[in-house]
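As you go down the protein sequences, you meet chains E and Z in turn.
Okay, so the first sequence: first residue is 8 according to this note's numbering, each after it adds one.
Okay, so the second sequence: first residue is 274 according to this note's numbering, each after it adds one.
Notes to accompany the following structure.
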Amino acid sequence: MRKHKSDRVIGILTIILLGIGVVTIYAIGPMRANVMNSAYGTSYRENYFFLQQLRNVVLALVALVVAFKVPYAWVKKIGKWVLGLGLLLCVTLMILAMIRSSAATCELGACRWLNFGGLSLQPAEVLKLGLVLYLADLIARRKAEGKLESLTDFWLPFAVISGVSLVFVVVVQKDLGTGVSLMAIILAMLFMSGVKMWQFGVTLLVIFLAGGVAILSSPHRMERLLTFNSAESSDSYHIENALIAIGTGGFWGVGFGNSVQATGYLPESINDSVFAVMGETMGFVGLVAVVMCFTVLLLRVLKVANYLQDTQESLIVVGIFAWATAHVVVNIASMTGLIPLTGITLPLLSYGGTSMLFMAAAIGLVLQLSCYTSRESRVEEEVSSNTSKACKQSPKRRLQV
Amino acid sequence: MKLNRNAVLKAGLLLVVAVIILKLFCIQIVEHEEWVEKAAAQHTLQNVLLAKRGEIYMMDGDEPVAVVMNATVYTVIVDPMLASEEELPEKLTEVLGEQRIAEWEDVFADKSRRYYVIAKNVERKVAEKVAEADLAGVWLQSDTKRVYPEGTLASTVLGFVNADGVGQYGVEGAMNEELTGVNGLLRTVKDVNNVALSIGGDNIKVPAEDGENIVLTIDRNLQYKVEKILEQQAEELGFKNISALVMDPRTGKVLAMANLPGYDPADFGNVMSAEDYINHVVEDPYEPASVCKTFTFAAGLEYGVMTPEKTFFNENVTYVDGWPIKNSTQKAELVGQISMQTALNWSMNTGSTQVLRWLGGSESEILQQGRERLYDYYYNHFGLGVPTGIELIESPGVVYGPNAEIYGIDSTYANMTFGQNMQVTMIQVASAFSAVVNGGEYFAPTIVAGKVVNGEFVENEQAEAVRRAVSQETSATMREMLYNTRTSFRNNGVDAEGYYVGGKTGTAQMIKDGAYSFDETVATYVGFGGTAGELPEYVIMVRVWEDGKIAGGEAQALPVFNVLKACVQDYLKIKPAGV
């Protein structure tokens, strides 16, 4: 495939979103510092969060450029190593949490961060990237071998890897939000792998049943689901205040620096709830603009996947699409009360290093791959009858160009 | 048909986005007002900025001194959920001592009740010790209360402030509005920790206007001396109730006002009955009796129908509407032609009744003109039965009009000439008496000298006389008649050479169950004094009574007046003439 220019729209929208995030954090950072200082006796300076976010954005841009430049052929090979690293970090985190080491940061019994001398890292982010790369590799390889229907060669490793990743995130780290995004990645990639619809349907059913068992087996999760949005819910305060923030914004918003909800009423105002704060400051106009930015960005990413002829490359982009989409949709749906509150960051906008860094790197990878799209859309086929044909055609087409 | 799976994802994304935008439209446009209201409910900080209640001062010579002040006191509150049951009782029992009002078992009996008051009205020093102990689950709430550095001094004049912060009785009650001030209002957007924010356009701050610091005309030292004398006299005379008033007849200023028994304003709940709160000088109209002959005779002089030397035929009894009006002194040698001076000396009811007849232009009958003239002087000139306007709660009493449609108006008016069949207050009588002796001008009595503003005494301007009550000549004649009355046989040498003191006694039957009682009377004496040859410098009025006892103007009120007079003369440094 001849290399051409990358998808500029993706790049521009990424930078616009990062910019909106920085401006928002600049406006509410001092309030956040004040809230933290009076609640925990810390002594954050007024511009602490703004400067941190600025640093995060710079790091994210560096990660984006690196992912854009690193030879994609190499990236295609390291899937299992990245996944392995992600799982290793999860195990490390679990052990450190068990021995109550300060290197594991825990909140309310959920240990999700690793600390190495001031640098904190969320293993789940590595896991997401690893899963995307590994599953793309696995599916593409088995598809090329015509073994996509093989129970032992494809379905078993697929199920085990997915299952182990989910268990680490949902059960050990008690991070439902990341679990949802992992699930989205797994399902989207499977869907686009070309497995038969009935197979995909059975997979969905199995996951649905497993999810049901998981919910029924935990009174906490059960309660959370049943009391979704009702007054007894422990999350109702959070949702109520997110809605107050969004609702008071009205059409035009109250303007930057005038958010009252960010002065301590709205929990997680700079991280998971930043969308609600933006609703208050920028109003309906601002939120629709933000949602449209994300929508166009995601559609462009999906388009890249559609025009990549190589299965593995296409699946990598699909995985990244699912990852980003899950974050955007789950976060916004949580904040607007459409679904039960799920703690998950809003890509590129929420305060926080790891998530932004990995999302930027993923987008960098998409940008790189966008240089290799063809003019035609991918030929999509179910694997069933034409396995041999697909096998033959695929390398052939590559040679043609 | 082949399913374009990429298109499925795209469609799915667009569908979700559409739902999200619809939801945003609902929240931000449709339900906007609703959320703004909810936001306002939790963002609005509305605080009443409490106005400080004004303090009350009395004069000490030329300087005001505070006699009612505010002090910050603390309520100690415990949250049994947070407090340590082992540690807390041990540490606080000693610090609070007798001020603890709750038993520890009760406090910890129900931990879900997270608010338990364990001490009230705790002074700053003790509160500081509680704060220093730094105990979990204990907090202090500050409050202000009235403190009385002079104890029970002038309690019935000062009044008190009830638990709701409202002044009751006395100056506190009458001038509650001025003392209270106006509370301010603070309304602002606040953060989650209740800290006011500068965000938002409709923040309001109206500062509180503190109450006025009121300075009374009452002289603290004189008040103290008067109260001591009353206590002493009450014991000597064996009477429970004595009220006294000292005022300056040249200005209407009250220098002392006292009522026995009184009460402790710091412990105002601890009284036998609400009767103890009453300031009898201003809010308890009664019949001052023969004291009022002063006013009848003054009216007679004004109309030129009598002189001190004019005589009438006294039979010690005279009949009006067939009812006998008797003199209290029934001496045979007083029957015959008697001068008006002698009639006043012996407080003859026949004499004052005769003045009423003369006012009507008759020798033997009470006529409408007589009643109208007497009423005009009593009511309009002397202000009897009319609120005086003093800055206290007044009860004006009753003086019947000359043509009132009541049974026996003539005998009512005959009785009124010697101060019965009417209800007036001591302050009305003393103010009218001041007008009679001060040269004839009526000054509205006042108890307020001014204000203390920012620590400076701002004195009220001396009010002009309200009206001329009697002529200079009448006033001079009345001074002489009252002087003669006092010195004729009653003064027993208590008035030293060089001083000019006059006065009049009064003894009235008390009305019990709607009828005049024969075994209960109230005694009054009102008098003036000063350097001989000059206008009077003080007027003193005394009233002595007790349920079921007979008190006489001469036997009980006069001695109290004499002691007070000596004290006032001394305190005001009034020099005898020629010294």
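The beta carbon of each residue, even a glycine, is placed where N, CA and C say it ideally should be.
A quick note: this is a predicted structure, and the numbers were derived from the prediction, not measured.
Could you tell me whether any Cβ in chain E is nearer than 8 Å to the Cβ of residue i?
| i | result |
| --- | --- |
| Z:D903 | Residue 903 of chain Z is absent from the structure shown; chain Z starts at 274 and stops at 852. |
| Z:Q319 | no |
| Z:A409 | no |
| Z:F541 | no |
| Z:I477 | no |
| Z:Q315 | yes |
| Z:V554 | no |
| Z:R460 | no |
| Z:A312 | yes |
| Z:R278 | yes |
| Z:L282 | yes |
Per DSSP, what kind of secondary structure is residue i in: helix, strand or coil?
| i | result |
| --- | --- |
| E:T380 | coil |
| Z:E753 | helix |
| Z:M579 | coil |
| Z:D843 | helix |
| Z:V544 | coil |
| Z:G609 | strand |
| E:L315 | coil |
| Z:I472 | coil |
| Z:R523 | coil |
| E:G137 | helix |
| Z:R386 | coil |
| Z:M448 | coil |
| Z:N435 | coil |
| Z:T719 | strand |
| E:I214 | helix |
| Z:I813 | strand |
| Z:E560 | coil |
| Z:E793 | strand |
Does any residue of chain Z have a CB that is nearer than 8 Å to the CB of residue i?
| i | result |
| --- | --- |
| E:N313 | yes |
| E:G48 | no |
| E:T412 | Coverage of chain E is limited to positions 8 through 408, which leaves residue 412 of chain E absent and any answer about it impossible. |
| E:V295 | yes |
| E:T380 | no |
| E:V42 | yes |
| E:T349 | no |
| E:S409 | Missing from the structure shown is residue 409 of chain E; chain E here goes from 8 to 408 and no further. |
| E:T288 | no |
| E:I409 | Since the first residue shown for chain E is 8 and the last is 408, residue 409 of chain E is missing from the structure and cannot be characterised. |
| E:V336 | yes |
Counting along the chain, where does the beta strand (DSSP E) carrying residue i start and finish?
| i | result |
| --- | --- |
| Z:A738 | No beta strand (DSSP E) holds Z:A738; DSSP gives it neither H nor E. |
| Z:A805 | Segment: none, Z:A805 is in no beta strand (DSSP E) and carries neither H nor E. |
| E:L348 | Careful: E:L348 lies outside any beta strand (DSSP E) and carries neither H nor E. |
| Z:Y550 | First-last for Z:Y550: undefined, no H or E at that position. |
| Z:E732 | 729-732 |
| E:R119 | 117-123 |
| E:C113 | 111-114 |
| E:R52 | Per DSSP, E:R52 belongs to no beta strand (DSSP E) and is neither H nor E. |
| Z:G776 | 775-785 |
| Z:F586 | 584-587 |
Quick test of your reading: residue i and residue j, contact by CB under 8 Å. State the CB separation rounded to the nearest angstrom.
| i | j | result |
| --- | --- | --- |
| Z:V799 | Z:V817 | 13 Å between Cβ atoms; not a contact. |
| Z:S790 | Z:F691 | Contact doesn't hold; Cβ gap of about 17 Å is too wide. |
| Z:L297 | E:L66 | That pair is no contact at about 31 Å. |
| Z:T780 | Z:G825 | 5 Å |
| E:G201 | E:L155 | 7 Å |
What residue range is occupied by the uninterrupted alpha helix (DSSP H) comprising residue i?
| i | result |
| --- | --- |
| Z:D379 | 377-382 |
| Z:K402 | 397-406 |
| Z:Q603 | Note, Z:Q603: premise wrong, no alpha helix (DSSP H); not H, not E. |
| E:W162 | Where E:W162 is concerned, there is no enclosing alpha helix (DSSP H), given that its DSSP letter is neither H nor E. |
| E:M190 | 183-200 |
| Z:Y628 | Note that residue 628 of chain Z is Val in the sequence shown, not Tyr. Looking at the DSSP string, the run of the alpha helix (DSSP H) that includes Z:V628 is 622-632. |
Contiguous alpha helix (DSSP H) assignments of at least 4 residues, all confined to the stretch 232-288 of chain E: 243-256
Which ranges would you report for the beta strand (DSSP E) in the stretch 472-517 of chain Z if only whole runs of at least 3 residues count? 477-479, 486-492
Please list the segments of the beta strand (DSSP E) lying wholly inside the stretch 292-379 of chain Z, counting only runs of 3 or more residues, in order along the chain. 317-322, 329-333, 336-351
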